[in-house]
Amino acid sequence: MYTRPTPMKFLTIGNSLSNDAMTYFPAMARAAGHELVHYGANIGGWSLEQHAAGLIACEEAEAAGQPAPPSACGYGTEFSPPRAGFGTGGAAGASPTQISLLQALRAERWDVVSFQQVTGMSFRSETYEPWTTQLVDAVRRHTPATRLLAYQIWPYREDCPFANYAPGMTQQSMYEGIRDACAGIATTHGMDTVPAGLAFQIARATPPWVFSFPDPAFDYAAENPTAAPRQPGSLNIGWFVAEVIPPAASEPASPAPFRQLALDYKHANPAGKYLAGAVFFETLFGASAETITYVPPELTPVQCASLRAIAHQACTRFAAAERVAAAL
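So the sequence shown is residues 11 to 338, counted in my numbering.
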């Protein structure tokens, strides 16, 4: 029987989608009266294999009396709540604001640790092992974590070119791949699952979060755009205007910067971040996401209430499915 510690010391191992889920989560927890210490061992674009390789390299270097390799010391030193003086670089010549995963594991007696695969591999179960096992073994060597979590991330937005990732892939098949891969490591390692992917799929079929595209009034081919199209219902960043600075030219003059449309169908916007954070809240604290009171300035109380209800629905549906599976 899992007993929730106070304060809860929570470590995430992942990348930018773990950062997305943690954007509002600490504020949600504290507004509800929960004491929380959180550190994000998250590096953008990193896979479980990269995290595991860096951790093993640090252990091997330490055993040989050598400093940790700089390539394994790309983790930040930002704790929630903030703390001063944490991090010494961990590698010869490294920045004091960069540490290794080994240092992060030893920084606290972590109660809960979550694991997240990079999005481009998240739907392929063969990309999770043996690296999840290597990370879990290391966690158990270095910290007394009593609860491990498989973070089920969300599939890409509807306007993603899914076929670029796998022939015939759709948003639903991507979700099913993520779901099944997370179920696999959860079973193998005795993890609980954070069903954020399920929450996104429920939301995407629930007004006002049904994404409508394209914007019929927008010229997607216009040069040097000044605004992005309307994206009602989106849980992802989606289209945005990026300023491009061309490489400097020797003569006659450097090209002038220009603007172009860019599409981020992976990362969450404020609504998606709030939804993912609410799923973590219910998973970690066992209290309904509907009890969350925190409302960030980027969202309205009505939007937050809708997202909290969806998060609770996802957690409830996932728990019910697990009970059915256990009874078979």
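We treat Cβ as the ideally placed atom computed from N, Cα and C, and that holds for glycine.
Quiz item: Secondary structure at Arg333, three-state DSSP: helix, strand or coil?
Solution: Helix at Arg333.
Exercise. Write down the C-beta distance between Tyr161 and Gly24 rounded to the nearest angstrom, noting that I regard them as a contact closer than 8 Å.
Key: Taking the Cβ atoms as the reference, Tyr161 lies roughly 6 Å from Gly24, within the contact range of under 8 Å.
Practice problem: Give the secondary structure of Val128 by DSSP, where H, G and I count as helix, E and B as strand, and everything else as coil. | Solution: Val128 falls in the coil class under three-state DSSP.
Self-check item: alpha helix (DSSP H) runs wholly inside the segment 47–85, at least 4 long, in chain order
Solution: The qualifying runs are 58–73.
Practice problem: Return the chain-ordered list of same chain residues with a C-beta closer than 8 Å to the C-beta of Gly287, the five sequence neighbours on each side being excluded. | Solution: The beta carbon of Gly287 lies closer than 8 Å to those of Ala31, Met32, Thr33, Tyr34, Phe35, Met38 in the same chain, with the five residues before and after it left out.
Quiz item: What is the C-beta distance between Gln270 and Ala252, in whole angstroms, given that I count them as a contact (C-beta under 8 Å)?
Solution: Under the criterion of beta carbons closer than 8 Å, Gln270 and Ala252 qualify as touching, at roughly 6 Å.
Quiz item: To which residues of the same chain is Ala102 closer than 7 Å at the C-beta, ignoring the five residues directly before and after it?
Solution: Reliability of the predicted coordinates at Ala102 is poor, the pLDDT of 45 falling under 50, and the value obtained from them is presented with this limitation in mind. Around Ala102: Pro77.
Quiz prompt | Residue environment, Tyr230, which counts as buried when at least 16 other CB atoms sit within 10 Å | solution = Its Cβ having fewer than 16 others within 10 Å, Tyr230 is exposed.
Self-check item: Per DSSP, cross-strand counterpart(s) of Gln270
Solution: DSSP, once it has assigned bridges, lists Ala252 as partnering Gln270.
Practice problem: State the beta-bridge partners of Ile370 as determined by DSSP. | Solution: Nothing in the structure corresponds to residue 370, since the chain is present only between 11 and 338.
Quiz item: Nearest to Gln181 by alpha carbon, out of Gly207, Leu159, Leu158, His44?
Solution: For Gln181, the nearest C-alpha among the options comes from Gly207.
Quiz item: Is DSSP giving Thr203 helix, strand or coil here?
Solution: DSSP places Thr203 in strand when its eight states are reduced to three.
Quiz item: In terms of residues, what are the limits of the beta strand (DSSP E) holding Ala299?
Solution: No beta strand (DSSP E) holds Ala299; DSSP gives it neither H nor E.
Quiz prompt | Distance, Phe295 Cα to Arg151 Cα | solution = Each residue's alpha carbon lies about 25 Å from the other.
Quiz item: From Glu136 to Met184, what does the alpha carbon distance come to, in whole angstroms?
Solution: Taking the straight line from one Cα to the other gives about 14 Å.
Quiz item: Would you call the segment 296–303 and the segment 329–338 in contact, with 3 or more CB pairs under 8 Å?
Solution: In short, these stretches do not touch, since the Cβ pair count stays below three.
Exercise. Kindly provide the ranges of any beta strand (DSSP E) runs that are 3 or more residues long and lie completely inside the segment 111–190, ordered along the chain.
Key: Counting whole runs of 3 or more residues, the segment 111–190 contains the beta strand (DSSP E) stretches 122–125, 157–161.
Quiz item: By Cβ distance below 6 Å, which residues in the same chain neighbour Phe223 in space, the five residues on each side in sequence not counted?
Solution: Excluding sequence positions up to five before and after Phe223, its CB lies within less than 6 Å of the CB of Asp169, all in the same chain and listed in chain order.
Exercise. Indicate the three-state DSSP secondary structure (helix, strand or coil) for Gly99 in the structure shown.
Key: Per-residue confidence for Gly99 stands at a pLDDT of 45, beneath the threshold of 50, marking its modelled position as unreliable; the derived number appears in the next sentence. In the three-state reduction of the DSSP assignment, Gly99 falls in the coil class, being assigned neither a helical nor a strand state.
Quiz item: If you count every other CB in all the chains shown that lies within 10 Å of the CB of Arg214, and 16 or more means buried, which is it?
Solution: Buried, by the Cβ-count rule.
Quiz item: Residues in its own chain within less than 8 Å of Glu118 by CB, not counting five upstream and five downstream?
Solution: Excluding five sequence positions before and after Glu118, the CB atoms of its chain that fall closer than 8 Å to its own CB belong to Lys19, Leu21, Val47, Tyr49, Thr153, given in chain order.
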